[in-house]
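Note sheet for the following structure.
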Amino acid sequence: MPIPPPTGPLVTRDTVAAQLRLLGVETGEILLVHTSLRSLGWVNGGAVAVVRGLLDALGPSGTLVVPTQTADLSDPAVWSSPPVPEEWWDRIRATMPDYDPLITPTRGVGVLPETVRTWPGARRSAHPQTSFAALGPRAAEITEGHAPDCRLGERSPLARLEKLAARVLLLGAGYDACTSFHLAEYRIPSPLVRVGRPAPGGGWETVTEVSITSDRFDELGHDFERDRPVVRGRVGAADVRLFPVADAVAYAERWLPVHRPRAEEFPHPAV
21 MPIPPPTGPL VTRDTVAAQL RLLGVETGEI LLVHTSLRSL GWVNGGAVAV VRGLLDALGP
81 SGTLVVPTQT ADLSDPAVWS SPPVPEEWWD RIRATMPDYD PLITPTRGVG VLPETVRTWP
141 GARRSAHPQT SFAALGPRAA EITEGHAPDC RLGERSPLAR LEKLAARVLL LGAGYDACTS
201 FHLAEYRIPS PLVRVGRPAP GGGWETVTEV SITSDRFDEL GHDFERDRPV VRGRVGAADV
261 RLFPVADAVA YAERWLPVHR PRAEEFPHPA V
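With positions in the sequence shown counted from 1, the corresponding number in my numbering is that position plus 20.
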């Protein structure tokens with residue numbers, strides 16, 4: 021059976037840059053970008069074209085930031101997609117490669133973050149499970165100093181982005197992907213959990229962390245957009261949202277204690 025032709029729209033590097041500028045992306049700003057490449061339509065050049073379009077919109081003085089998470093560097097006892105046999109757990113822990121910001125690939129965040137991670141000049145933060153990568157003049161400032169026991173809190177790039185007045189760009193992604201909401205979990209009463217992962221240089225380690233989960237972030241985003249100024253538009257076929265990191269964090273700090281049960285009620289902490 022012949023493969024049907026793409027339905028479009030046709031999206032190019034220039035399309036991305038021009039439509040982002042129309043939405044209000046400013047030369048020189050800092051953008052934390054969450055993407056769904058397939059939502060854009062038929063992109064000539066794929067993720068590379070989208071990254072170039074983002075960099076064109078930001079200009080040489082702007083900085084592009086993406087999550088480059090590696091949730092697979094975690095305890096096999098909590099894996100569910102798919103789970104692995106319990107008799108494998110000890111062997112997996114003993115042989116799992118440790119995190120290397122230069123070579124460890126991203127997982128579960130799409131193809132565009134992996135493209136940014138491998139881009140010439142990219143900087144990547146040091147946390148073995150919740151790293152961020154950045155391109156641009158503020159990249160080192162944003163990614164350095166990511167504490168190994170602070171996934172998405174005050175000693176992570178998220179707090180730096182908040183202080184630097186960065187904005188979030190949801191490019192075809194939903195609010196369930198909005199990492200900034202997690203920073204609020206560090207500022208409200210939250211339980212601590214033990215998180216397992218490969219240790220630097222080999223072996224296994226367990227650290228104490230704040231429990232985080234994206235449960236109900238879609239509802240949080242709906243209310244945030246209802247109550248706070250959010251730029252809405254489209255790039256290609258993708259729905260786009262643009263808003264300050266600081267606004268998202270502040271709103272989530274008020275919303276989460278009221279609308280979501282305490283994190284200890286969830287069976288496994290999200291990475």
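Note that beta-carbon positions come from the ideal geometry of N, C-alpha and C, so glycine has one too.
How many Å lie between residue i and residue j at the Cα?
i	j	result
Gly216	Asp95	5 angstroms
Gly48	Leu78	6 angstroms
Pro287	Leu42	Residue confidence for Pro287 is low, a pLDDT of 38 falling below 50, so the modelled location carries little weight; the figure read from the coordinates is stated next. Looking at the two C-alpha atoms, the distance is approximately 43 angstroms.
Leu172	Gly44	27 angstroms
Val255	Leu40	7 angstroms
Cys198	Val129	11 angstroms
Asp243	Thr55	21 angstroms
His147	Glu107	28 angstroms
Asp110	Thr124	21 angstroms
Gly82	Ile112	41 angstroms
Val278	Pro24	48 angstroms
Ala258	Ser59	5 angstroms
Pro220	Ala114	12 angstroms
Arg180	Pro140	23 angstroms
Thr27	Glu245	30 angstroms
Are the beta-carbon atoms belonging to residue i and residue j less than 8 angstroms from one another?
i	j	result
Pro211	Ser231	yes
Leu184	Arg158	yes
Gly61	Pro29	yes
Phe201	Ala153	no
Thr88	Ser176	no
Met116	Pro249	no
Asp238	Asp196	yes
Ala272	Leu240	yes
Val53	Leu75	no
Ala67	Leu122	no
Tyr119	Thr138	no
Arg252	Leu51	no
Arg280	Arg236	yes
Val213	Glu229	yes
Val63	Val98	no
Just tell me which of the options has its CA closest to the CA of residue i.
i	options	result
Ser101	Ile50, Trp109, Asp92, Asp196	Asp92
Val227	Gly194, Val278, Ala167	Ala167
Val86	Pro218, Leu155, Glu164	Leu155
Ala299	His147, Tyr119, Glu174, Val136	Summary: the structure shown does not reach residue 299, with the chain confined to residues 21 through 291, and so no result is reported for it.
Ala142	Val31, Thr163, Gln149	Thr163
For the alpha helix (DSSP H) containing residue i, name the first residue and the last one.
i	result
Thr115	109 to 115
Gly202	For clarity, residue 202 is His in the given sequence; the question names Gly instead. Run containing His202: 200 to 205, per the alpha helix (DSSP H) assignment.
Pro177	177 to 183
Gly66	66 to 78
Pro220	Unbroken run through Pro220: none, as it is neither H nor E.
Kindly indicate the opening and closing residues of the beta strand (DSSP E) around residue i.
i	result
His54	50 to 55
Leu189	187 to 191
Ala153	152 to 155
Trp224	224 to 230
Ala258	258 to 264
Arg33	Where Arg33 is concerned, there is no enclosing beta strand (DSSP E), although the alpha helix (DSSP H) it sits in stretches over 33 to 43.
Thr83	83 to 87
Are the C-beta atoms of residue i and some chain B residue less than 8 angstroms apart?
i	result
Gly73	Of the protein chains in this structure there is only one, and it is not chain B.
Comparing the CB of residue i with every heavy atom of the ligand GTP, is any distance shorter than 7 angstroms?
i	result
Pro211	As for the ligand GTP, it is missing from this structure, which has no ligand bound.
Exercise. Counting Cβ pairs closer than 8 angstroms, one from the stretch 203 to 210 and one from the stretch 248 to 264, do we hit at least three?
Worked result: No, the stretch 203 to 210 is not in contact with the stretch 248 to 264.
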